[in-house]
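There are 2 protein chains.
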Amino acid sequence: MANKFLVASHGKMASGIKSSIHTLANKGDEIKTIDAYVDDSDYTAIIQDFLKSLQADDRAVIFTDLYGGSVNQRVVRQVLDAGKQEQVSVVSNANLAVILSIVMTGNLTKEAIQGLLEESQVCLVELEAKEETTDDFFD
Amino acid sequence: MANKFLVASHGKMASGIKSSIHTLANKGDEIKTIDAYVDDSDYTAIIQDFLKSLQADDRAVIFTDLYGGSVNQRVVRQVLDAGKQEQVSVVSNANLAVILSIVMTGNLTKEAIQGLLEESQVCLVELEAKEETTDDFFD
Numbered sequence: 075m076a077n078k079f080l081v082a083s084h085g086k087m088a089s090g091i092k093s094s095i096h097t098l099a100n101k102g103d104e105i106k107t108i109d110a111y112v113d114d115s116d117y118t119a120i121i122q123d124f125l126k127s128l129q130a131d132d133r134a135v136i137f138t139d140l141y142g143g144s145v146n147q148r149v150v151r152q153v154l155d156a157g158k159q160e161q162v163s164v165v166s167n168a169n170l171a172v173i174l175s176i177v178m179t180g181n182l183t184k185e186a187i188q189g190l191l192e193e194s195q196v197c198l199v200e201l202e203a204k205e206e207t208t209d210d211f212f213d
Numbered sequence: 075m076a077n078k079f080l081v082a083s084h085g086k087m088a089s090g091i092k093s094s095i096h097t098l099a100n101k102g103d104e105i106k107t108i109d110a111y112v113d114d115s116d117y118t119a120i121i122q123d124f125l126k127s128l129q130a131d132d133r134a135v136i137f138t139d140l141y142g143g144s145v146n147q148r149v150v151r152q153v154l155d156a157g158k159q160e161q162v163s164v165v166s167n168a169n170l171a172v173i174l175s176i177v178m179t180g181n182l183t184k185e186a187i188q189g190l191l192e193e194s195q196v197c198l199v200e201l202e203a204k205e206e207t208t209d210d211f212f213d
């Protein structure tokens with residue numbers, strides 16, 4: 075039983091996020107990436123190979139860059155075609171916060187993932203001097 | 075009067091996002107990036123130069139990777155030290171959806187930005203076959 079991860083984006087955001095997770099947490103080797111449309115190659119086979127690599131008791135999360143985007147559409151279609159929707163979660167509009175927290179957790183149930191999403195939402199930072207008294211909690 | 079953008083991350087997520095925006099929208103040349111901690115150089119000067127480059131009637135958005143992370147802390151500190159908090163918005167836990175929509179819009183008031191945030195949140199995709207009848211709306 076293993077947890078497996080794929081990050082898929084238009085352009086190089088996916089490999090960039092893998093680099094960021096390596097920088098922050100010295101992890102990332104276990105994350106597969108798709109940088110789609112940087113050349114003419116078809117990335118469908120990478121999604122299919124990732125899905126085929128899942129053992130019956132593995133859990134997986136696929137992160138995509140844009141909800142409604144073609145990368146997300148293609149990922150969803152492949153998960154459904156492979157009948158893996160119970161085993162695989164798809165998180166869209168992904169950011170580094172959610173990917174980092176999901177990769178670091180051991181629990182990939184849909185309920186646990188939903189909880190991590192709620193803690194990782196995009197936010198407008200309050201720009202007031204009093205905000206600046208806390209220590210960094212990421213290095 | 076111009077709109078200016080900076081994306082700052084641990085590792086190479088920032089330059090990856092710039093690549094993704096180029097791939098999706100053929101834009102991105104106007105986006106400055108900081109890939110922090112990929113070497114020993116200090117990125118504070120890049121933040122300071124970005125802030126100094128702002129004319130009195132420019133508006134700017136700085137996107138950071140992790141709320142509470144050291145990159146975000148340093149950005150906030152520099153904006154406050156420069157006294158630019160009215161002119162600059164800081165969006166944290168940034169994702170491609172929010173950066174793309176903010177770069178594409180002309181309106182960088184805090185209210186407009188807040189509205190774009192709400193449309194760009196991280197989400198768990200429903201994996202049901204009926205979801206798959208819509209056309210791609212991003213290429």
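As given, the protein sequences belong to chains A and B, one line each in that order. For reference, each letter of the first sequence is one residue, going 75 to 213 in the working numbering. For reference, each letter of the second sequence is one residue, going 75 to 213 in the working numbering. Even for Gly, the Cβ is constructed at its ideal location relative to N, Cα and C. Predicted model, so just to flag it, every value in this text is computed and none were measured.
The CB of B/Asp-139 comes closer than 7 Å to the CB of Ser-94, Leu-170 in chain A, given here in chain order.
In the three-state reduction of the DSSP assignment, A/Val-150 falls in the helix class, which pools H, G and I. Residues of chain A with a Cβ closer than 7 Å to the Cβ of B/Val-177 do not exist; the shortest Cβ-Cβ separation is about 13 Å.
Membership of A/Val-112 in any beta strand (DSSP E) is not indicated, and neither H nor E is assigned to it by DSSP. At a cut-off of 8 Å, the C-beta of B/Ile-121 has no neighbouring C-beta in chain A. Per DSSP, B/Thr-97 is one residue of the alpha helix (DSSP H) stretching across 87-99.
Counting the other CB atoms within 10 Å of its CB gives A/Ser-163 a total of 16 or more, which places it among the buried residues. The C-beta distance from A/Gln-161 to A/Leu-128 rounds to 6 Å, short enough to fall under 8 Å. Taking a contact as a CB-CB distance under 8 Å, the pair B/Ser-83 and B/Asp-139 counts as one, their CB atoms being some 4 Å apart. Those residues of the region 143-171 of chain B placed with their C-beta closer than 8 Å to a C-beta in chain A are Gly-143, Ser-144, Asn-146, Gln-147, Val-150, Arg-151, Val-153, Leu-154, Gln-159, Val-162, Ser-163, Val-164, Val-165, Ser-166, Asn-167, Ala-168, Asn-169, Leu-170, Ala-171, ordered along the chain. Look at A/Leu-191: its C-beta is under 8 Å from a C-beta on chain B. When C-beta atoms of the region 179-198 of chain A are compared with those of the region 150-158 of chain A, fewer than three pairs fall below 8 Å, so the two segments do not count as touching. Counting C-beta atoms within 10 angstroms of its own C-beta, B/Asn-181 has fewer than 16 neighbours from the protein chains shown and is therefore classed as exposed. Per the coordinates, the alpha-carbon of B/Glu-185 lies some 12 Å from the alpha-carbon of B/Ile-176.
At a Cβ-Cβ threshold of 8 Å, A/Gly-85 and B/Ser-94 count as neighbours.
Rounded to the nearest angstrom, the gap between the Cα atoms of B/Asn-167 and A/Ile-136 is 18 Å.
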